[in-house]
Every structure is written in structure tokens, then in C-alpha cells.
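Reviewing the structure listed below.
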Amino acid sequence: MDIDCADEPILKVSKKAALRCYQNLSLSLLLCGCLKSAYEFCSRGLQAAPDDEDLNQVKDYIFNMAKRRLKVEEVDISELPDQGLVRREVYPWNDHEPDRHTKESLNFLNKQLQFVAPKCEVRSVDLPTLVESAIVPDEDGNIPTNKQLGLFARDDISPGETVLEETSVLTVNNRLKDSLCDVCSAPLPPLGEQSTVVGCPDCDDTMFCNEQCLELAQRTYHPAVCEKEVDAISKDPDPKESPNALYLLLLSRSLAMSATQEKHPLDLNEVKFIWGDFLPSASNAVPISHKAGPPPVWTLPFTFASNISTPLHILEKMDIDIFSTLASYDLWIFNTLYAKFRGTASARVDKQSGKPEVAAVHPLWCLANHDCDPNVQWEWGGRMKLWCREERVGGRKGGISKGEEILNHYCDISLPVQDRREWAEGSLGGWCMCERCRKESGEMEGWEGDDKKKSRRDEYVDGIDGNGNIARLDGHIDPLEDLEDDDFERDAKHMGGMSGSREGADVRVGGDVALARDTDGDDMSIDGDE
325 MDIDCADEPI LKVSKKAALR CYQNLSLSLL LCGCLKSAYE FCSRGLQAAP DDEDLNQVKD
385 YIFNMAKRRL KVEEVDISEL PDQGLVRREV YPWNDHEPDR HTKESLNFLN KQLQFVAPKC
445 EVRSVDLPTL VESAIVPDED GNIPTNKQLG LFARDDISPG ETVLEETSVL TVNNRLKDSL
505 CDVCSAPLPP LGEQSTVVGC PDCDDTMFCN EQCLELAQRT YHPAVCEKEV DAISKDPDPK
565 ESPNALYLLL LSRSLAMSAT QEKHPLDLNE VKFIWGDFLP SASNAVPISH KAGPPPVWTL
625 PFTFASNIST PLHILEKMDI DIFSTLASYD LWIFNTLYAK FRGTASARVD KQSGKPEVAA
685 VHPLWCLANH DCDPNVQWEW GGRMKLWCRE ERVGGRKGGI SKGEEILNHY CDISLPVQDR
745 REWAEGSLGG WCMCERCRKE SGEMEGWEGD DKKKSRRDEY VDGIDGNGNI ARLDGHIDPL
805 EDLEDDDFER DAKHMGGMSG SREGADVRVG GDVALARDTD GDDMSIDGDE
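According to the numbering used here, the stretch in the sequence shown is residues 325 to 854, in order.
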């Protein structure tokens, strides 16, 4: 290659810059636990600079960590884990996160709530601060709390009465060219002379339930992706990747909504007031060192593909200049959206495979906080429905009195207390400290715990348990340290809130929302605001 002498300094600088990029990417991905991606960038850097000391050192650390995580003496490169964890925080420069407890915020939410839950209102409430263990009360019996939002009854609600019905345009499915509405992901009505099914006039393969769904799509998100070849991205994924693919599709839908509505992604009504189980920046700090692993409080699942390369690819497909629009589409914005989705998204499973195929974020429904003695249950099929339980735990009669908090549940409440806490940790961010859990674990004075009850967690297998009753999202986030926990414990603690319900095939994936009963046996929940 002929190089002009004047270009040599530029070429020299570009080579140094490329090498520095490989060093930074491989080391950062190593610290996040994304070993396969770290190895790929490290190898590319070593091809350009085989003797680079930093890259060779990173390569050694990648294999050392892989040996500990995989518990092997020799590492097969194809088996390197690539699922890691990153900080889950409100970034110091994020000026889009509202104070959810101001009068203005509460008034806005309550105005929205009038249309979907006329007997409810949003209030601030003090909830236990959750960690990965039981919280020891102080000498007065109090446990640490933090202020969050919750739903409360404005009037008495009878057993069986509907509490909330909500639809959301932030709904996606991972089925390519399937017979589902592009807006609500409900099955399309049968074709015929009286069929209400309509297609987008500009792209023939995007179908909607009816004119109302088409109009909603054109107003909120579809123009940004119409004929842009975005539809095929992350569709029909490997079953093990179904949960991550749905989160990525939710991110893609939010980017399309942002572009169409000309609004910053974090200012969208569907996500603005959602809490992402954020932790203070100080608790996320870690020494910048080859040997420094992520601290235990890093809880946001992360891969290079899902959090960086694919979102940027989607933006390019949407003809968005990722450099000139950095203020709206920077990487920290993707992480913030993922944190919110992990805490609020619900999913519906395929009845045959038991894997999630549809996911949605219902921003008002997810305001209902978790309790292992819930007073409501839910069902999702094109719209989210919440209704008062006929019967509470222990056989008590259902019903919600005026002023009482609406309590949902995000894990299988039929499990023993320790199993409930392990399953719910991903969605709640720590061990549940509701009254029932504290009583059953013997943490409340005068109550004998049930820790000696037989655990049923060994019954679980990928997809469905031995009785065919439970749906469980496949795939998990490997721990970043050399844990002695078995695979089940690793799954329950690190898969970001995914769990199953013995009451049906419901699963919840992440923050304020828990598992509730599914009357038609095809719903799951992917993460809400506790």
C-alpha cells in the first residue's frame, strides 16, 4: 500500500488509537464479566500488536477468570461465558430522572390512573431497603426503609372486582412474521369479509388488529421503523436467548417511540416514572484494576451485543446519526432503559415451548408493590388486568378497604420462604422483607419459622417442572466470582428477576412487579417498582 509521507503521522496516530480501543474494550468487558467479547477484542488487538503487554495481561486474566467460573483446568474458547453485570444507577449527568414524589409527579400519575384504575391512587410509601440477606432490625424492631411509590385504594374494592385495566404501546414480540398485532401483540382476528385486520399502507408485512391499533402505531412509533428492515432484528431467537431478546426488542421499540415522538427516550411517558432499582453511585464503585471484579451490588445484566452493538445497529437502520444525536442515544441511556425494563416488564409465554414470546411495560400496573400475601392477581392478553383476590393466603376472605395498599406479587407465593426470597431477588433487588416472609423465617418475635420445610426448588427444570405446572425462563447470568452455589441458586439470584408461578405459566422479569395468577395459563412476567 502506497502511503503519502504526509499521511504517515495520521496513520501512526490511528494505529495507536485503535490499540488503545482494544485495550479499553477488552479490559472493561473483562471487569463486567463478558469474557467471550473481552477475548474477541483482546485477540483483535494482539493481531495488530502481538507484543503488547497490557493485552497479553488481559488475555491471561480472561482465562484465569474463565477457569474459576467454569470450574475447569483447560478452557474451551467456544465455552467462554459472555453474560456479565454492570452498574445499576442514576448516572450523575442524568437530568431526565424525575423526583417521583413531588406533588407535580403524583398529580400526573394520578391523572393517568383515572382512566385505567378509577378506584386507585398513587402515593409515596416507605418500603424496606432490600439486600441479599435478611435485614437485622434495630433495638426498637425497625428495619431500614426507602421511599418508593405504591397504589392505594380510594374506595372499598370487593373480591373479584377489577382494580386496573391498562394497555401499552411499549409491547413487543419475538416472533418473525407471526399473526400477532404489531402494537398490542394480541393474536390477529381471523381473516374474512368482516375481519378488522389492517396493514400498514407503506409496508405490507406489518399487520394490526384494527384501525385503532394502526392509528396508535402511526402516532407513537411506526414511522421511525417503517420499511427500515428493523423488524427482523432479534426475532425468532435461540430459546435460551428469548428473555434477553425481548428486553432488546423493548429497547428497540422505545428508540422508535423516541424518534417518532421527537422526545428523549427517558422522557417517554411509558418509562419516565419507572424506578429501575437504582443504587447510589458510591456503592457501585470498584477499583480500576485487572484483578478487580465487579462488586456484589452490580445487578444489571450486560452483554456487548445487547447493550452496545445491536442498539447502535438498530439506530443506523433507522437512519439516525449516532454521533450527532449522542445526547438522546448514548450508551448510558440504553443501560438506564434496561434497568427500568428489568424492573417492570411482563411476558407472555408460548404454550407449547414454555418460552416467552411477548413482553410489555405497563407503567401504571407496575406501581403496585410486592407482598407474599397479595390482595390482587393479574392477567395479561393484549391489555393488563388486575383484580381483587377472592381469597388471601391462609384462606382469609379477599377484599380491599379504602386506604389499603394494592399488593401484587412477583414470585411464586406457594414456595417456602427461602425459595420465594431466592426467586424474587432478581426482580426485587434483594430478599423480600414482607410480614409473611419475616414471620415464616422466624425473624419476627413470637413466630416459629418454617425453614425446616422441604424445599421444592429441585423440582424445577428448564421450562416446566416435573408436574408440568411451572414456566421458567431459560438461560442465566453466571456469577462473576467463584461461587459454590449450584446451578439453581445461580439462576435464581442472577437471572434478573425471571421466575415462574405454580398458579399458572406467569413469569415476571424485574423491579416492582411480581408473579401473579394466570387464569388462561399463558402469561409470564419479565421485572416493577418496589
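The beta-carbon is built from N, C-alpha and C at its ideal position, and this holds for glycine as well.
Reference residue i, options the options, closest by Cα
i, options, result
"Cys524", "Val549, Gln742, Asn498 and Glu489", "Val549"
"Pro468", "Glu749, Cys758 and Asp406", "Cys758"
"Val700", "Gly706, Arg707, Gln438 and Val717", "Val717"
"His733", "Lys726, Arg745 and Thr530", "Arg745"
"Glu553", "Asp529, Glu364 and Pro514", "Asp529"
"His588", "Ile386, Glu421 and Leu370", "Glu421"
"Leu752", "Cys735, Gln536, Asn431 and Asp743", "Cys735"
"Pro513", "His637, Val595, Cys537 and Leu343", "Cys537"
"Leu661", "Asp419, Val595, Thr426 and Gln371", "Val595"
"Asp450", "Leu473, Leu437 and Glu377", "Leu473"
"Ala606", "Trp622, Asp400 and Lys339", "Trp622"
"Arg666", "Leu570, Ser582, Asp591 and Trp702", "Leu570"
"Gly408", "Glu586, Asn431, Asn631 and Glu398", "Asn631"
"Thr544", "Leu515, Cys527, Glu535 and Glu586", "Glu586"
Under 8 Å between C-beta atoms of residue i and residue j
i, j, result
"Asp562", "Phe532", "no"
"Pro698", "Ile598", "no"
"Lys641", "Thr486", "no"
"Pro483", "Cys756", "no"
"Phe628", "Cys366", "no"
"Asp406", "Ser361", "yes"
"Pro547", "Thr584", "yes"
"Leu500", "Lys564", "no"
"Ser492", "Ala684", "yes"
"Asn568", "Val410", "no"
"Thr634", "Leu572", "yes"
"Ser566", "Lys679", "yes"
"Leu354", "Ile386", "yes"
"Gly600", "Arg412", "yes"
"Phe626", "Val414", "no"
"Glu490", "Val521", "no"
Residue burial classification, residue i (beta-carbon count within 10 angstroms, cutoff 16)
i, result
"Cys345", "exposed"
"Val337", "exposed"
"Leu575", "buried"
"Ala341", "exposed"
"Lys778", "Annotation note: pLDDT 37 at Lys778 (below 50); position unreliable, coordinate value reported separately. It is exposed - the Cβ of Lys778 has fewer than 16 other Cβ atoms within 10 Å."
"Gln676", "exposed"
"Asn498", "buried"
"Gly828", "Residue placement at Gly828 cannot be trusted, given a pLDDT of 32 that sits under 50; the coordinates are not used to answer."
"Gly723", "buried"
"Trp417", "exposed"
"Leu856", "This structure cannot settle anything about residue 856, because the visible part of the chain is limited to 325 through 854."
"Ser519", "exposed"
"Lys435", "exposed"
"Lys383", "buried"
"Gln347", "buried"
"Ala651", "exposed"
"Ser448", "exposed"
"Leu739", "buried"
"Thr668", "buried"
"Lys339", "exposed"
"Leu754", "According to the sequence shown, residue 754 is Gly rather than Leu. Buried is the call here."
"Lys664", "buried"
"Ala671", "buried"
"Leu335", "exposed"
Cutoff 7 Å; reference residue i; Cβ partners in own chain excluding five residues on either side
i, result
"Leu639", "Leu579, Ile646 and Tyr653"
"Leu433", "Val446 and Phe597"
Paired residues, beta bridge with residue i - DSSP
i, result
"Lys675", "Lys675 is not bridged to any residue."
"Gly474", "Arg447"
"Trp656", "Trp656 pairs with nothing; no bridge assigned."
"Ala683", "Val496 and Ala671"
"Thr486", "Trp711"
"Gly408", "Phe626"
"Asn732", "His694"
"Phe532", "Val522"
"Glu452", "The amino acid at residue 452 is misidentified as Glu; the sequence shows Pro. Paired residue(s): Thr469."
"Lys721", "Glu715"
"Trp704", "Met708"
8 Å CB neighbourhood of residue i in its chain, flanking five on each side removed
i, result
"Glu332", "none"
"Lys510", "It should be noted that the sequence gives Ala, not Lys, for residue 510. Taken in chain order, the residues that qualify are Leu504, Cys533, Gly705 and Gly706."
"Ala556", "Leu500"
"Asp480", "Gly723, Ile724, Ser725 and Lys726"
"Leu404", "Leu359, Lys360, Tyr363, Ile386 and Ala390"
"Asp810", "Confidence at Asp810 is low in this model, with a pLDDT of 36, below 50, so the placement of that residue should be treated as unreliable; the coordinate-derived value is given next. Cβ neighbours of Asp810 beyond the five flanking positions: none."
Cutoff 6 Å; reference residue i; Cβ partners in own chain excluding five residues on either side
i, result
"Leu475", "Cys444, Leu691, Ala692 and Ile730"
"Leu370", "Leu379"
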